[in-house]
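Enquirer: Whatever position you read off the sequence shown (first residue = 1), add 39 for the working numbering. Would you mind keeping the following structure in view while I ask a few things?
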Amino acid sequence: MSDPLFDHEDDAATPLTPEEREGLIPNYITLRHELNETEQIGIEEADRWAFGRRRNVLEEMFFRQLHKRMFGDTWRWAGQFRTMARNIGVDAYRIGTDLRAMFDDVAYWIEHQTYPIDEIIARYHHRLVQIHPFSNGNGCLSRLAADLLAVQVGVERFSWGRANLVEAATTRSAYVAALKAADELDFGPLFAFVRS
40 MSDPLFDHED DAATPLTPEE REGLIPNYIT LRHELNETEQ IGIEEADRWA
90 FGRRRNVLEE MFFRQLHKRM FGDTWRWAGQ FRTMARNIGV DAYRIGTDLR
140 AMFDDVAYWI EHQTYPIDEI IARYHHRLVQ IHPFSNGNGC LSRLAADLLA
190 VQVGVERFSW GRANLVEAAT TRSAYVAALK AADELDFGPL FAFVRS
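Here it is in structure tokens:
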């Protein structure tokens with residue numbers, strides 16, 4: 040069975056440029072499942088690191104550091120904002136500005152209870168995915184950041200369909216469909232998915 044590394048990218052994954060692909064650190068990785076396994080190890084280590092300390096997830100420095108912790112053993116460009124256009128996300132030159140505006144908005148929503156807290160966290164997650172600040176890993180990063188925000192404000196982490204979204208195709212499809220609905224300002228499916 041074929042398991043190419045870059046020949047067949049997942050429809051929901053961000054395609055990498057040849058330059059970004061050259062940033063792959065482990066030289067033993069030749070198959071997609073090997074890349075997924077390596078990234079998953081970093082994600083799990085970053086999860087333990089992030090939940091083991093006080094943090095402000097509404098701050099660019101922490102956000103970059105979290106991405107670096109998640110993917111720094113896999114990609115040389117981990118923690119650095121993308122500089123190339125993508126099939127999703129804001130123009131690269133807007134990433135820093137849009138993140139700061141979003142962090143300010145979320146802080147305001149929390150302080151003024153603009154929405155129920157789960158809705159604030161789900162909107163935070165969605166907006167991070169929309170901005171798409173890094174070359175890859177934005178979905179995983181945005182889910183972890185949302186969970187960190189949940190704990191920071193005193194609620195339980197989201198369940199995210201109770202599956203590994205890299206491996207569970209049906210659950211991943213439901214997640215991507217919920218994000219696409221939110222892009223059209225229909226947040227209902229996303230609000231339901233995060234606690235499913």
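Cβ atoms here follow ideal geometry from the backbone N, Cα and C, with glycine treated the same way. Small disclaimer: the values here were computed from a predicted structure and weren't measured.
Which class does L224 belong to by DSSP, given the choice of helix, strand or coil?
Expert: Numbered from 1 along the sequence shown, position 185 holds the residue referred to as residue 224. Three-state DSSP puts L224 in coil, outside helix and strand.
Enquirer: Taking the alpha carbon of I160 as the point to measure from, which residue in W199, L138, L188 has its own alpha carbon closest?
Expert: Indexing the sequence shown from 1 puts residue 160 at position 121. Cα-wise, what sits closest to I160 is L188.
Enquirer: Expressed to the nearest angstrom, what Euclidean distance is found between the alpha-carbon atoms of R60 and I127?
Expert: If you number the sequence shown from 1, residue 60 lands on position 21. If you number the sequence shown from 1, residue 127 lands on position 88. For R60 and I127, the distance between alpha carbons rounds to 18 angstroms.
Enquirer: Would D137 and V145 be called neighbours here (beta carbons separated by less than 8 angstroms)?
Expert: To locate residue 137, count along the sequence shown from 1; it is residue 98. To locate residue 145, count along the sequence shown from 1; it is residue 106. For D137 and V145, no; Cβs fall outside 8 angstroms.
Enquirer: Using 8 angstroms as the threshold, is the C-beta distance between L55 and N175 below it?
Expert: By 1-based counting over the sequence shown, the position of residue 55 is 16. By 1-based counting over the sequence shown, the position of residue 175 is 136. Taking 8 angstroms as the Cβ cut-off, L55 and N175 qualify as a contacting pair.
Enquirer: Can you confirm whether the region 112-126 touches the region 149-164 when touching is taken to mean that 3 or more C-beta pairs between the two stretches lie within less than 8 angstroms?
Expert: Output reads no: the region 112-126 does not touch the region 149-164.
Enquirer: Using DSSP with H/G/I as helix, E/B as strand and the rest coil, what is W116?
Expert: Here residue 116 refers to the residue found at position 77 of the sequence shown. W116 falls in the coil class under three-state DSSP.
Enquirer: Check the C-beta distance from M123 over to C179 and give it rounded, since I have them as a contact under 8 angstroms.
Expert: Numbered from its first residue, the sequence shown carries residue 123 at position 84. Numbered from its first residue, the sequence shown carries residue 179 at position 140. Not quite, the Cβ-Cβ distance comes to about 20 angstroms (not below 8 angstroms), so this is no contact.
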